[in-house]
Structures are given as C-alpha cells and as structure tokens.
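Chemist:
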Amino acid sequence: MDLRIAHLYPDLMSIYGDRGNVLALTQRARWRDIAVEVRAFTAGQDFDADWPDLWFFGGGQDQGQDIVGADLGGPNGAALKRSLANGAAALAICGGYQLLGHEYLPENAPAIPGLGALDVRTRAGTVRFVGNLVAESPDGLLVGFENHSGRTYLGPKAKPLGTVVVGNGNNGEDKTEGAVQDHIVGTYSHGSCLPKNPWLADRLLAWALERRHGPQNLTPLDDREERAASEQAAEVAKARA
Amino acid sequence: MPDPQTLIANAAGRLARAALQLSGRGGTALPGLIALTIDPDFIAAVASELAHGMVLVSGTNGKTTTARMLSDIVRGTGWAPIHNRSGSNLERGIAGALLADGNWKAEPTGDIGMFEVDEASLPRVLGAISPRVVLVTNLFRDQLDRYFEIDQLARRIGDAIAKLDPRVTCVLNADDPIVAWLGQRHRGPVLYFGVDDPTVGGRVPQAISDATRCPRCRAALQYERVVLAHEGDWSCPSCGLTRPDRDISATRVALTAISSEIEIRTAVASVLAPVRVPVAGLYNAYNALAALAVARALDIALPTAALAIANFRPAFGRLEEVTVDGRELRLILVKNPAGFNAAIGALLETGRRPRLLAALNDRDADSRDVSWIWDADFEALAPVVEHAVVTGIRSRDLANRLKYAGVARDRTVVVDQWGSAIDHAIGAAPEGGEVVVLATYTAMLALRNELAKRGHVANFWED
C-alpha cells in the first residue's frame, strides 16, 4: 500500500514546527509498512489535483500568507478544492486553517476570500492568543500550543474538533477548538500537533488511504512515547493556566 | 555629572546588587530592572561617559560568543570593556552591567560598552541610546511566541536603523538576506562581512523557511551556495537584489573537530596570517568573522584582533567542557532550529557517535512553544546517536521527537531529576568517554547549578 502526501507551500507556510506533522504522518504510515511519498506543492507550480491522498497546510507569516492567498485565488485553489471534494483528506493549521475557510476579515479592510472548503469564518482580533492549548474530544485529548490573533467561528457544516480546557481555541468565546468537515481538519494546535496527538494522525491516515485503497483498519502502534508527551504537556498546561 | 534621578537609580540598583550578593544569589536581572524603573534613561545617562562608546551586538545566534570575543579584542588593545555577561541581554542586563562596573557616582569604570542586545529589544534600545557600532549577526526564528514573525521584527529593526545617527557604523552579515537588507535603511556607514569560501556549504537552503524570500520583492531567492540555514551567496532572480559586496570576508574556512582556521580578505588589501578560532563549528567561524568586522569598525588592527580570538575561551553553555568522574561533558546551549542545526553540524563533523544528555524546558527564556524541536534536524543526528538521556520540563516531547527521528527505543531513557539525569548520562559513558549536553537556556542553568553544587563548575555569574 502507498500514501501520497502533498505539503502545501512548505517554503511559505511552515513555521512553528509544522514539519513535525508531515514527519508524524510519514513515520506512522511507514511503521505500518505503508510506503509514503511527500511532495511539495507551492506557489507558481500547477497543482495536480489527482495526485494527493492528503494535503498538509501549515501556518505562515503574514507576508507569506499574502502570496499563498493570491496563488489559491487562481487555478491552484480550484485544484485543491476539487481534490478535497473528491475525497482527499486535509490537515490545516493556524494560517492554513484560516485560508481553507470562507474568508478572513481584517480590521478596517475588505474581507480576504478563502477557499471555502471549511464552513468557518475568521476575523482579526486585537489580542493575540499565545500559549498552551488543551482541548477535549471524544477520541482523545488534543494538546498543543496556539499562537494566533484571528478569531474563527464555525458554520453549521463544520463541527468542532474539541472543547477547550486550557487556552483559547477558535475564538476565546465559545470554547470550541478546530473544525472537522468531511475529511478536512483545521486546528490552531501547533506543538507539533500530530506527534503528540496520534489519534488524530491515525484518523487522517485512514481517511487518506481510503481514497485509493478503500476503508482501512490501521494496525495499532505502541504509542507510549506519544501518550507520555501528551500527558506531560497537558499537565504543564493545566499547572500554568 | 549625572542628574539626581540617575544617581538615585544607580544607588538603588547597587544596593539591590549588594543585597543579592550577600544572600549568595547572583541576580543578574533585578538590580538593572530596579535602576531602569527609577530612571528609564539610566543606560544612556551612564553610557555617555564611556570614552570609546558602545558596541551593540544583536541578532538571533552568536551574540554571546561574538560579544565575548569582542571584549577580549578590545582588552587586547588596552581598553576596558563593560560587558553584560551570562546571556542576560535584555535592557535590564545592560543596566545591570553598568551597575556592576560602576561606582556610587554612576560613573562607569570601563571605557567601552560591549553589550549583547536581544534582537526583539534592539528597536527599543536603538531608540533610547546612541551606540558607536551596531552588529547584527543573523536573524533566525527564535522563540516565536515572544518575537512573533521574523519579517515583522526585521521591519521594526529597519525602522530603528533608519532613525540612527549617521555617525553610527552598522556591521551586517552580507550572507543573511534580511540582515543585509537592513543596510539599505542606514544613512551612515555600513560594513558587511561574509563567507566566500566556495568549498563551504551546500546549494539548498535548509528546511527552515525563515528568509528564503527576497526581502525587497518577496520572490523566492536563488542560492549559489548555502553556508548555514538561509545564510549564503543569495540573489533575487526577480528584482535583481544581490548579496552586498563584503568589506571583510572569509575566503577559506578550514574546520577541525575542536577549532577552525579562517583566511581573511578585506576591501583594503592587507596580508594577514590565517586566524585561528579555538572553538568548533562553522557558526563559531562566523562569530569570529563578525568580531573581526566590528574590530575593523572600531579601527583596531586586525592582527591584534586575531591574536585575541586565538586565545578565546567560550562562554557559559557554549561548547564549555567539564570533566565529571573521568567523563568529558560538552555543554551546548540550543534554543532554536538554526542554532541546533549548527551545533549538530559541528558534532557530526567530528565523526563520533555521541552519547547525549538532552534537556528541554519551556520557560520564557527557553521558548514556551516547544514545537521548534520539530524544525530542528534531529534526523541528521539520529543515525549516529549511541545513547540519549532525556530530561527537563518537556522531556517527553523530546523523547518523542527522538523516536520520530528514528532513534531506537532502547537507546533513549527519560530521567526526571537534573542530578539523576547527569548520573545516568555519566553512567552510560565509559571512563574517558564524552557526553554531549544539549540543553535549552533554563535547563542548562539547572544542569550547571547541579554541576556547581558538586564542585565541577563555578556558578555562572562568577564566570
């Protein structure tokens, strides 16, 4: 079996350890004898919408995000949207999460349109949310670190990924963190996210494999180190909250 | 004569310092903070008395080593530097240094200030005081939760440089695109340094997207040669911006496991013997080059400067070596992906299979966001790791990082207490063997405290 991962704009949208998410997906597939190929998809290329089983979209600096926004406004955005509609999975973090939503509304400026693949809207906030982030979900604890000034609000089609226990999450108001819609996950959790939240990594892997290989029951892995990292991070977060 | 407010600030700071010393604590931050609270202009007021002015050493990596090299260099020329040591490089650290090397009349006892300035504080410090030379070594992503974005930071530093007195000399790294671009903002003299050895480095910028875009037009930069991370021979294919001409460059860098030797060429032709840099790693060769560039800006003869560098001894946690029970501990401070990769590069060059003591903390001075470890190139290190003892507040994150990098489970052990972690690491190394200690700032302090308790090292503030 093989898995294809598209790393979106790795040259522009890869801060806060985003690379760790691709490493986690790759290793967890390889440990199950699934061959993995990772390709960079970046501005100026022509995206092959049929290739990826899974898209990873990280966070970026404001200026990088401008270039990415412009690129997604063209044929590459259409290709990404088509791919997602055809069942490819996606994990989008922070800036990537915002860009997959309907729009980003800056203060005192017209709205910047997003891809509209996730039913979420983001507006600029005045205070930046920086700190440990812990959220509870039915599948497990989501632990990480948030660093964003955007306030994201979920529409009816998007379900929250978790309920905030420590930190602010989507908007600091409604206790929601992240969004799930079909096979697309958006979150504000850096950390890196997937190495400490293996349940989420495996869920994405299963969705990604399903596209070309049908529904999968993934072999369980020994996640002692991952669990220990999650527990320690949650403990530190709660103690400092 | 300083004004009364400065004198009161000075007295309060000095009293605080004396009290802390009596209680046996080497408080490096509090006295400075007290003085600045009473007189926000304390630094400018006291520093105006320095005969040879002030040098500010800023940038993400290499500040401490470069500033220490520079202190040795100016001492070699007969000046008396005041230096904010021990990595305390916020404004309060500078104020603290002026208190430590001053008298009750708020007069400094030295004649040149050699101050490390945290890059995030640089815009504010430049607004408050007028140095003679400002050095920016490099700009990497560091503690993003505190500094946020490198572009934004570079813009703020650029804005501050644009307002500088034209008599100030900026010394900038030509190989770092965002640092080099800062030179465009300065109305006064700029001195560029860079590495021009065609055999050093590769062609692909390392996987850290700090600055692979043109600082002027945002197009992707092209590299003829990459020295370290995003430092190298860069140019923009879109707007034509290129690496500025180097006023002082290293035309050959020969690295060994414990030192390097660099051949220097300057814009003004001069014959100079190769400079011996007695600390390992390409990044330390860079630090030496930066120090030589500042020496030139201060009109210090390069042979004098080279001699001081040849006799250099590294600072706290910067490749310090400590012997414990017949094992050599090499202490390496790591705080961001670029610094980590540079340290790892130096380690791999030795060809040895390291035994590690790795410590990850997430306090303010470390970076509260530990996700940087996923950008650091543990994959390069993993295949040669013989054994790793992992400790610190976020030890489990680090152990998990090693797992994903491919270090076998039975080679990694997590140990919770600092002392036990040291014992384990020593126990895992053979007599006469070496343990490489990689630690973030407060973790290094804790480990070093433990070593000090056992009498192996001096307390760092006595250093």
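So the protein sequences, as listed, match chains A and B.
At position 178 of the first sequence the residue is numbered 218 (the numbering used here), and the sequence of numbers has no breaks.
At position 329 of the second sequence the residue is numbered 379 (the numbering used here), and the sequence of numbers has no breaks.
We treat Cβ as the ideally placed atom computed from N, Cα and C, and that holds for glycine.
Computed from a predicted structure; not experimentally measured.
By the 10 Å Cβ neighbour count, where 16 or more other Cβ atoms means buried, how is Ile132(B) classified, buried or exposed?
Modeler: Sequence index remark: in the second sequence, residue 132(B) carries index 82 (1-based). Classification of Ile132(B): buried, given that the 10 Å Cβ count is 16 or more.
Chemist: Quick check: what's the CA-CA separation for Val174(A) versus Ala79(B)?
Modeler: The count along the first sequence starts at 1 and reaches residue 174(A) at position 134. The count along the second sequence starts at 1 and reaches residue 79(B) at position 29. Taking the straight line from one Cα to the other gives about 33 Å.
Chemist: Just to confirm my understanding: we take Ala147(B), look at its own chain, exclude 5 residues before and 5 after, and list those with CB closer than 6 Å. What are they?
Modeler: In the second sequence, counting from the first residue as 1, residue 147(B) sits at position 97. For Ala147(B), where only same-chain residues beyond five positions count, the Cβ hits under 6 Å are Ile132, Asn134.
Chemist: Please determine if the region 233-245 of chain B and the region 105-125 of chain B are in contact, where contact requires at least 3 C-beta pairs separated by less than 8 Å.
Modeler: No: the two stretches stay apart, fewer than three of their Cβ pairs being nearer than 8 Å.
Chemist: For the candidate residues Arg243(A), Glu266(A), Gln138(A), Lys236(A), whose alpha-carbon lies nearest to that of Phe185(A)?
Modeler: Position 145 of the first sequence, counted from the start, is the residue given in the question as residue 185(A). For Phe185(A), the nearest C-alpha among the options comes from Lys236(A).
Chemist: How far does the beta strand (DSSP E) with Thr441(B) in it extend, from its first residue to its last?
Modeler: Translated into positions along the second sequence, residue 441(B) becomes position 391. Start and end: 437-441.
Chemist: For Met60(B) versus Phe190(B), is the C-beta distance shorter than 8 Å?
Modeler: For the purposes of this step, residue 60(B) is taken as residue 10 along the second sequence, with counting starting at 1. For the purposes of this step, residue 190(B) is taken as residue 140 along the second sequence, with counting starting at 1. Residue identity check: residue 60(B) is Asn in the sequence provided, not Met. The answer is no: Cβ separation not under 8 Å.
Chemist: Does any C-beta atom of chain B lie closer than 8 Å to the C-beta of Pro255(A)?
Modeler: For the purposes of this step, residue 255(A) is identified with residue 215 of the first sequence, where counting begins at 1. Answer no: the Cβ-Cβ gap between Pro255(A) and chain B never drops below 8 Å.
Chemist: Does any CB atom of chain B fall closer than 8 Å to the CB of Pro115(A)?
Modeler: Counting from one through the first sequence, the residue named residue 115(A) turns up at place 75. No, its Cβ sits nowhere closer than 8 Å to a Cβ of chain B.
Chemist: Can you tell me where the alpha helix (DSSP H) with Asp473(B) in it begins and where it stops?
Modeler: Start at 1 with the first residue of the second sequence, and residue 473(B) comes out as number 423. 468-478 is the extent of the alpha helix (DSSP H) around Asp473(B).
Chemist: Compare the Cα-Cα distances from Arg191(A) to each of Gly218(A), Asp73(A), Asp86(A), Ala281(A) and report the closest residue.
Modeler: Translated into positions along the first sequence, residue 191(A) becomes position 151. Nearest option by C-alpha distance: Gly218(A).
Chemist: Would you mind giving the Cβ-Cβ distance between Asp447(B) and Ala241(A), rounded to the nearest angstrom? I have them listed as a contact below 8 Å.
Modeler: Here the question's residue 447(B) lines up with position 397 in the second sequence. Here the question's residue 241(A) lines up with position 201 in the first sequence. Not quite, the Cβ-Cβ distance comes to about 15 Å (not below 8 Å), so this is no contact.
Chemist: Leaving out five residues before and five after Ala269(B) in sequence, what residues of the same chain have Cβ atoms less than 6 Å from its Cβ?
Modeler: What you label residue 269(B) is simply residue 219 of the second sequence in a count that begins at 1. Cβ neighbours of Ala269(B) beyond the five flanking positions: Cys286, Ser288.
Chemist: Under 8 Å between the Cβ atoms of Asn223(B) and Glu281(B)?
Modeler: Sequence index remark: in the second sequence, residue 223(B) carries index 173 (1-based). Sequence index remark: in the second sequence, residue 281(B) carries index 231 (1-based). Closer than 8 Å, so yes.
Chemist: CA-CA distance, Pro480(B) and Leu397(B)?
Modeler: Translated into positions along the second sequence, residue 480(B) becomes position 430. Translated into positions along the second sequence, residue 397(B) becomes position 347. Near 19 Å, if we compare the C-alpha coordinates of Leu397(B) and Pro480(B).
Chemist: Note down, in chain order, each residue of its chain lying with its Cβ closer than 6 Å to the Cβ of Leu379(B), except the 5 sequence neighbours on either side.
Modeler: Your numbering for residue 379(B) matches position 329 in the second sequence. Within the same chain, Leu379(B) has close Cβ partners Val372, Val485, Val487.
Chemist: Glu169(B) CB to nearest chain A CB: under 8 Å?
Modeler: For the purposes of this step, residue 169(B) is identified with residue 119 of the second sequence, where counting begins at 1. By this cut-off, Glu169(B) is not an interface position.
Chemist: In angstroms, rounded to a whole number, what distance separates the CA positions of Arg163(A) and Asp297(B)?
Modeler: Along the first sequence, one-based indexing puts residue 163(A) at 123. Along the second sequence, one-based indexing puts residue 297(B) at 247. If I take the Cα positions, the gap works out to 47 Å.
Chemist: Pair every Cβ in the region 147-161 of chain A with every Cβ in the region 246-255 of chain A, then say whether three or more of these pairs are closer than 8 Å.
Modeler: The answer is no - the region 246-255 of chain A does not touch the region 147-161 of chain A, with fewer than three Cβ pairs under 8 Å.
Chemist: Output needed for Asn208(A): all residues of its chain with C-beta closer than 7 Å, excluding positions within five of it in sequence on either side, in chain order.
Modeler: The sequence position of residue 208(A) within the first sequence is 168, counting from 1. Excluding positions up to five away in sequence, the list reads Phe169, Glu186.
Chemist: Mind listing the chain B neighbours of His230(A)? Cutoff is C-beta to C-beta under 8 Å, in chain order.
Modeler: As a first step, residue 230(A) is located in the first sequence; it is residue number 190 there, counting from the start. Within chain B, the residues near His230(A) are Asp419, Ser421.
Chemist: How many angstroms separate the CA atom of Ala274(A) from the CA atom of Val218(B)?
Modeler: If you number the first sequence from 1, residue 274(A) lands on position 234. If you number the second sequence from 1, residue 218(B) lands on position 168. Roughly 49 Å between the two C-alpha positions.
Chemist: Quick one, which of Arg461(B), Thr127(B), Leu203(B) has its alpha-carbon nearest Asn188(B)'s?
Modeler: As a working note, residue 188(B) is residue 138 in the second sequence. Among Arg461(B), Thr127(B), Leu203(B), the Cα nearest to that of Asn188(B) is on Leu203(B).
Chemist: On the CB-based measure, 16 or more other CB atoms within 10 Å of its CB, does Gln101(A) come out buried or exposed?
Modeler: For this step, residue 101(A) is matched to residue 61 along the first sequence. Buried: at least 16 other Cβ atoms inside 10 Å.
Chemist: For Asp425(B), return the contacting residues in chain A, with the cut-off set at a CB-CB distance below 7 Å.
Modeler: The sequence position of residue 425(B) within the second sequence is 375, counting from 1. Within chain A, the residues near Asp425(B) are Gly57, Arg59.
Chemist: Please tell me whether, using a cut-off of 7 Å, the distance from the CB of Pro328(B) to the nearest non-hydrogen atom of the ligand MN is below it.
Modeler: Among the components of this structure there are no ligands whatsoever, and the ligand MN is therefore not found.
Chemist: Beta carbons nearer than 9 Å to chain A: which residues of the region 438-455 of chain B have them?
Modeler: Under the 9 Å Cβ criterion, the region 438-455 of chain B contributes Ile443, Arg444, Ser445, Arg446, Asp447, Leu448, Ala449, Asn450, Arg451, Leu452, Lys453, Tyr454, Ala455.
Chemist: Could you tell me which of Lys213(B), Ala156(B), Gly483(B), Thr492(B) sits nearest to Leu176(B), measuring between CA atoms?
Modeler: In the second sequence, counting from the first residue as 1, residue 176(B) sits at position 126. Measuring from the Cα of Leu176(B), the nearest candidate turns out to be Lys213(B).
Chemist: Do Ile350(B) and Thr127(B) count as a contact pair if the criterion is CB distance below 8 Å?
Modeler: As a position in the second sequence, residue 127(B) is number 77, starting the count at 1. As a position in the second sequence, residue 350(B) is number 300, starting the count at 1. Yes, Cβ-Cβ distance for Thr127(B) and Ile350(B) is below 8 Å.
Chemist: Is the distance from the Cβ of Arg252(A) to the Cβ of Asp93(A) below 8 Å?
Modeler: Position 212 of the first sequence, counted from the first residue, corresponds to residue 252(A). Position 53 of the first sequence, counted from the first residue, corresponds to residue 93(A). Yes. Within cutoff.
Chemist: Label Gln467(B) either buried or exposed according to how many other C-beta atoms from any shown protein chain fall within 10 Å of its C-beta, with 16 as the threshold for buried.
Modeler: As a first step, residue 467(B) must be located in the second sequence, where it is residue number 417. Gln467(B) should be labelled exposed.
Chemist: For Trp71(A), list the residues DSSP reports as bridge partners.
Modeler: Here residue 71(A) is taken as the residue at index 31 of the first sequence, counted from 1. None, per the DSSP bridge assignment.
Chemist: Check each residue of the region 184-198 of chain A: if its Cβ is closer than 7 Å to any Cβ of chain B, include it; give the result in chain order.
Modeler: So the list reads Phe185, Asn187, given in the order they occur along the chain.
Chemist: For chain B, check one thing: does any of its Cβ atoms lie closer than 8 Å to the Cβ of Lys236(A)?
Modeler: Position 196 of the first sequence, counting from 1, holds the residue named residue 236(A). Chain B, which has a Cβ nearer than 8 Å to the Cβ of Lys236(A), makes this yes.
Chemist: Chain B partners of Ala241(A), CB-CB under 9 Å?
Modeler: Taking the first sequence and counting its residues from 1, the one referred to as residue 241(A) is at position 201. Going along chain B, no residue has its Cβ under 9 Å from Ala241(A), so there is no contact; the nearest lies around 11 Å.
Chemist: Nearest to Leu501(B) by CA position, among Glu429(B), Leu381(B), Ile443(B), is which residue?
Modeler: Mapped onto the second sequence, residue 501(B) falls at position 451. Looking at the Cα atoms, Leu381(B) is the closest of the given residues.
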